[in-house]
Structure formats: structure tokens, C-alpha cells
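Below is one structure, written out as C-alpha cells; the observations come after it.
Residue numbers (full-length UniProt numbering): 1 to 139.
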């Protein structure tokens, strides 16, 4: 899973090994096809929709800029040559990741990346997970 942050947003992807595990656990292939279609639509929509462009660039561009502030100030990210080329690069990278590495981008507002450690205190029962969430998603 890969991440890029701005204002606590993190991009998250499913990779081939994780998809294989999920399929073995009973998640249908239709679910992954739906996620792929949604991903392509999201990145395509970002090429023409200003709000989607802000969301995609904030989550997926490694260039840390205040995209939302620029858009609110009247900068049209979908029309400006520099930001348009940045959107196209993010789009191409996402499609290449899907095509060659089966990386499915998940919606930033609905996906989370969790890392775990062993519970040495024995406070959790088998199968339980303890989490700590911050207000804006960043920690």
C-alpha cells in the first residue's frame, strides 16, 4: 500500500497479493471489477471536474501543493497547462499500476491503511483489533 499526504488524506491501493487473499476469503471477482471501474472513472473525472482534480492531486500527487487553496483562489487546475500535465501524469501512473501490477486505487475518503503490532499486554482477545483514530486521519 502506498501513501501520499496532504491535510491527512492518504492514498491507498489494493495490490495483487492482497486481492488474491481477499478472493480466497470469499470476496467476489465482481467486487474487484467494480473497484477498477470506479477507479478509472474517478481519475478520468479529475481531468474535467475541478473538485475531483483537487481530491486526486491532494491524494495521489507527490508534489505537495495547496491544491484546494489554489482552486478556491480561482486557479483552474483542469485547464492550467502545468496542473493539467500533473493530472495526466497521475492518471497515466494509476492506469499503468492497474494494468501491470494490479494496483487498484481505493476512494481516499473510504479507505484506511492499518499497521499492526503484537499485543504484548494480552488485553485483546483472539481476533480483536485495537485502533487509535485522530480527528483528521493524520498521526
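Heads up, the beta-carbon is just placed ideally off N, CA and C, and yes, glycines get one too.
{"Asked": "Close beta carbons around residue 52, own chain, < 8 Å, minus the five adjacent residues each side", "Found": "42, 45 and 46"}
{"Asked": "Residue 38 CB to nearest heavy atom of the ligand PLP below 8 Å", "Found": "Ligands in the displayed structure: none, and consequently the ligand PLP is not present."}
{"Asked": "Beta-carbon proximity of residue 57 to residue 106, cut-off 9 Å", "Found": "no"}
{"Asked": "Beta-bridge pairing of residue 105 - partner residues as DSSP gives them", "Found": "13"}
{"Asked": "Residue range of the unbroken alpha helix (DSSP H) whose run includes residue 39", "Found": "29 to 45"}
{"Asked": "Those runs of the beta strand (DSSP E) which lie wholly inside the stretch 57 to 132 and span at least 3 residues", "Found": "104 to 106"}
{"Asked": "Cβ pair residue 103, residue 94 closer than 9 Å", "Found": "yes"}
{"Asked": "Per-residue DSSP class, three states only, for residue 48", "Found": "coil"}
{"Asked": "CA nearest to the CA of residue 132, picked from 125, 126, 117 and 19", "Found": "117"}
{"Asked": "Inter-residue spacing [alpha-carbon to alpha-carbon] between residue 54 and residue 72", "Found": "10 Å"}
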